[in-house]
Amino acid sequence: MSEMDVVSVWLGHGQGRERFQELLDHRVSDDGLGEIVPAPFCRAFGIERYDPDSLGGFYLPRPTRMPVLLYDVAEKARILPDIDPSTVANCHVLLYGCAYAGATKRLTCDGFELWFVGSYPSAVPRSGANRP
760 MSEMDVVSVW LGHGQGRERF QELLDHRVSD DGLGEIVPAP FCRAFGIERY
810 DPDSLGGFYL PRPTRMPVLL YDVAEKARIL PDIDPSTVAN CHVLLYGCAY
860 AGATKRLTCD GFELWFVGSY PSAVPRSGAN RP
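Mapped onto our numbering, the consecutive letters of the sequence shown carry residue numbers 760 to 891.
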């Protein structure tokens with residue numbers, strides 16, 4: 760399995776859909792060079808190179824059980840066995856094309872507590888790889 764065919768998964772909880780989306784939004788530098796500044800989530804976990812289109816997430820206003828939170832995630836059947844059934848969260852982050860191997864497994868970023876679950880074979884092969 761190449762890095763292109765993998766998805767890394769984080770779960771978490773926090774308040775505010777807009778704040779959650781801001782964690783995942785990259786921006787273009789204002790220094791005139793037009794370089795992409797990584798999303799706060801990626802900077803916090805030490806992920807320097809990634810395709811911004813490969814980063815996504817989902818937020819619910821209230822914590823919920825994993826089968827509900829991961830309902831539309833194609834890799835759900837691979838992910839759920841690694842999560843304690845009593846776990847509740849209200850957001851998840853998916854980064855396709857990245858087999859995350861960073862030292863940081865859990866942190867609080869802009870009011871959201873996020874923890875790394877694992878990297879899994881992707882149900883959707885990608886054309887480019889990301890590196891932590």
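Don't be surprised by glycine CBs; every beta carbon is placed ideally from N, CA and C.
- For Ala848, the secondary structure class from DSSP, reduced to helix, strand or coil, is strand.
- A distance below 6 Å between beta-carbons, with the five flanking residues on each side excluded, links Gly815 to the following residues of its chain, in chain order: Leu853.
- Sequence-distant Cβ neighbours of Arg865 in its own chain, meaning closer than 8 Å and more than five residues away, are Glu872, Leu873, Trp874, Phe875.
- Three or more pairs of CB atoms, one per stretch, sit closer than 8 Å, so the stretch 764 to 781 contacts the stretch 847 to 861.
- In this structure Ile795 is not in contact with Pro820, their Cβ atoms being roughly 30 Å apart against a cut-off of 8 Å.
- Judged by DSSP secondary structure, Cys857 falls outside any alpha helix (DSSP H); it is assigned neither H nor E.
- Residue nearest to Ser878 within the set Ala848, Gln780, Pro844, Lys835 is Lys835 (criterion: CA-CA distance).
- The C-alpha of Gly793 lies about 26 Å from the C-alpha of Tyr859.
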